[in-house]
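See below for the structure under consideration.
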Amino acid sequence: MVSIEKCENYEYENVKKAVKKSIENIGGLEKYIKKGENVLLKANLILKKHPDDAATTHPQIVRVLAELLKEYGANVFIGDSPGGPFNLQLLKSLYKYTGMEKAAALSGASLCLDTSSSSVSNPDGEKLKKLTVTNMVLKADKVISVGKFKSHRMTSLTGAVKNMFGAIPGTTKAEYHFFCQNIDDFANSLIDICLYTKPVLSFLDAVYGMEGNGPTAGDKRYIGAIMASENPFELDLAMTKMAGAKPDDIPIVKESLRRNLCSFEKLKIIGNINNFIMDDFKIPKNKSLHFLGNNPPKFLNDFVKLHMNPRPVFNKSLCIGCGDCMRNCPAKIITMKNHRPKADLKKCIRCYCCQELCPKKAVSVKTPVILKLLSKM
Ligand code: SF4
Ligand code: SF4
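First residue of the sequence shown: 3, per my numbering; consecutive thereafter.
Okay, here's the thing in structure tokens:
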């Protein structure tokens, strides 16, 4: 069951009304949380971005959820592990900049400052049998995911399922990118992580989402809704419909359908989804090597990868030489020369982490003309 409630802006009373109604629609907090439990509100805090940039979950939604949970009798803490390094100093600054510090102060919730992690086994995982997970997730009795409706360069859309990638500590995420270079493998690893971390409820901030060059450098897009579900896979299916996309074009959704984690037949929506369907929502196309099949000869694979896949391009005039792209490149192929990045594209795995984590939108992704033409065929 997916609830879609209208919410026109981030004013406190509007958000409170929409969040309360969303919770009511999906059965009430008592269905998911016991009084006295420790509940992690896992926001999407991918990067140190201001709430108005629409790259991170808006703090007003987190504040309202924290207030309602506290009123109900839960112990609430707010947290996430961002895309880059994960240490106390950076985490404090992330919480301040994204508005979470204020959301915690106003609601009486705590901010989770634990940056430790543990290795766990995940025997039921399809792709990942072992995981390294933040202790902030492990020590919670219940996890509530509070993600953001956004386009994503690699996975086309990011919503409830991908929000749980933040359970993987900081730069360890890069190892997962490197391990799962094929997009379907990566989608399945995200599904495995979501199944392991088991959010009991998932919310999506779809008041303002992001389209185009997401998840951090795209354009803010007004949608006007708050979405909620007990099933993150169904929530992403509804998001796909709202974004006017086909499930086959959204790898996480395509693989969730294959793994019977959601289905169109069982998708029950409370609220009028038709009021929120966008036929012009911009989603990065990620068609690349599919036409080569699963095991193309290496020389052909290398050629196509180098010349026909969308590639990262560094804009030297926007770049401030911070080196974040170099530090977060899973393939470790970026070097800094004269305070500017240079990537060895022959070894690039096209994960677009450099684009995602650049604080200055100095990395764009360029699609070769031949691929544009093939995509239209
Ligand atoms: S491209 Fe972006 S992340 Fe890389 S050094 Fe420049 S500003 Fe930093
Ligand atoms: S250069 Fe960018 S896209 Fe290529 S592997 Fe490194 S982070 Fe990923």
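The C-beta atom is built at its ideal place from N, Cα and C for all residues, glycine as well. None of the values given here were measured: they were computed from a predicted structure.
{"query": "Tell me the DSSP secondary structure of valine 4 in three-state form.", "result": "strand"}
{"query": "Run through the DSSP bridge pairs and tell me what glutamate 345 is partnered with.", "result": "Per the sequence shown, the amino acid found at residue 345 is alanine instead of glutamate. The partner list for alanine 345 (beta bridge, DSSP) reads Ile336."}
{"query": "Which value, in whole angstroms, describes the spacing of the CA atoms of proline 314 and histidine 52?", "result": "24 Å"}
{"query": "Mind reading off the beta-carbon distance from glycine 149 to asparagine 137? Whole number of angstroms is fine, and I expect it under 8 Å.", "result": "Going by Cβ atoms, the distance from glycine 149 to asparagine 137 rounds to 21 Å, so no, they are not a contact pair."}
{"query": "Within the continuous beta strand (DSSP E) that includes arginine 223, where are the two ends?", "result": "221-231"}
{"query": "Which one or two residues does DSSP pair with histidine 154 in a beta bridge?", "result": "Ser158"}
{"query": "Strictly by DSSP, which residues pair up with glycine 172?", "result": "Bridge partners of glycine 172: none, in fact."}
{"query": "Quick check: the Cα distance between glutamate 10 and glycine 226, rounded to an integer number of angstroms?", "result": "5 Å"}
{"query": "Can you tell me whether asparagine 340 is buried or exposed? The criterion is at least 16 other CB atoms within 10 Å of its CB, across all chains shown.", "result": "exposed"}
{"query": "Where do the N-terminal and C-terminal ends of the beta strand (DSSP E) with aspartate 207 fall, by residue?", "result": "203-213"}
{"query": "For glutamate 257, count the other beta carbons within 10 Å of its own beta carbon; 16 or more makes it buried, fewer makes it exposed. Which is it?", "result": "buried"}
{"query": "If we require 4 or more residues per run, which alpha helix (DSSP H) segments fall completely within the stretch 63-130?", "result": "90-99 and 102-109"}
{"query": "Just to check my reading of the structure: phenylalanine 167 and lysine 175 have Cβ atoms closer than 8 Å, yes? What is that Cβ distance to the nearest angstrom?", "result": "6 Å"}
{"query": "Would the beta-carbon of threonine 157 fall within 8 Å of that of proline 253?", "result": "yes"}
{"query": "State the CB to CB distance for the pair alanine 230 and isoleucine 63, rounded to an integer number of angstroms; the pair is presumed to be in contact (CB under 8 Å).", "result": "Not really, about 10 Å apart at Cβ, beyond 8 Å."}
{"query": "Using alpha carbons as the reference points, say which of Asp194, Ala57, Ile80 and Thr59 lies closest to alanine 68.", "result": "Ile80"}
{"query": "Quick one, what's near ligand 2 if you take every residue whose CB is closer than 6 Å to any heavy atom, in chain order?", "result": "Pro314, Cys331, Pro332, Ala333, Ile335, Ile336, Ala345, Cys350, Ile351, Arg352, Cys353, Tyr354, Cys355 and Cys356"}
{"query": "Could you tell me if the beta carbon of aspartate 55 falls within a distance shorter than 7 Å of some heavy atom in ligand 1?", "result": "no"}
{"query": "Return yes when the Cβ of aspartate 82 is within less than 8 Å of the Cβ of tyrosine 132, no when it is not.", "result": "Strictly speaking, residue 132 in this sequence is lysine, with tyrosine absent from that position. Cβ atoms of lysine 132 and aspartate 82: not closer than 8 Å."}
{"query": "Let me check understanding here. Comparing Cα to Cα, which of Asn40, Gly101 and Leu96 lies closest to leucine 71?", "result": "Asn40"}
{"query": "By the 10 Å Cβ neighbour count, where 16 or more other Cβ atoms means buried, how is asparagine 276 classified, buried or exposed?", "result": "exposed"}
{"query": "Mapping DSSP to helix, strand and coil, what is serine 258?", "result": "helix"}
{"query": "Taking contact to mean 3 or more Cβ pairs, one atom from each stretch, closer than 8 Å, check whether the stretch 210-228 and the stretch 345-358 are in contact.", "result": "yes"}
{"query": "Suppose the cutoff is 8 Å on Cβ atoms and the five residues either side in sequence are ignored; what does the same chain contact list for lysine 37 look like?", "result": "Tyr74, Gly75 and Ala76"}
{"query": "How would you label tyrosine 14, buried or exposed, when you count the other beta carbons within 10 angstroms and need 16 or more for buried?", "result": "exposed"}
{"query": "Return the first residue and the last residue of the alpha helix (DSSP H) that leucine 197 is part of.", "result": "185-199"}
{"query": "Taking contact to mean 3 or more Cβ pairs, one atom from each stretch, closer than 8 Å, check whether the stretch 199-215 and the stretch 101-121 are in contact.", "result": "no"}
{"query": "Tell me the residue span of the alpha helix (DSSP H) that contains phenylalanine 235.", "result": "234-244"}
{"query": "Just to confirm, does alanine 364 get its C-beta within under 7 Å of one of the non-hydrogen atoms of ligand 1?", "result": "yes"}
{"query": "Closer than 7 Å to a non-hydrogen atom of ligand 1 - does that hold for the CB of cysteine 327?", "result": "yes"}
{"query": "Tell me whether proline 249 is buried or exposed, calling it buried when 16 or more other Cβ atoms sit within 10 Å of its Cβ.", "result": "buried"}
{"query": "Just curious, the beta strand (DSSP E) that leucine 133 is in, first and last residue?", "result": "132-136"}
{"query": "Rounded to the nearest angstrom, how far is the Cβ of alanine 162 from that of serine 204, given a contact under 8 Å?", "result": "4 Å"}
{"query": "Verify whether the separation of the beta carbon atoms of serine 153 and lysine 284 is less than 8 Å.", "result": "yes"}
{"query": "Closest to proline 84 by CA distance: which of Pro361, Ala333 and Lys348 is it?", "result": "Pro361"}
{"query": "Ends of the beta strand (DSSP E) at alanine 56?", "result": "That residue, alanine 56, is in no beta strand (DSSP E); it is neither H nor E in DSSP."}
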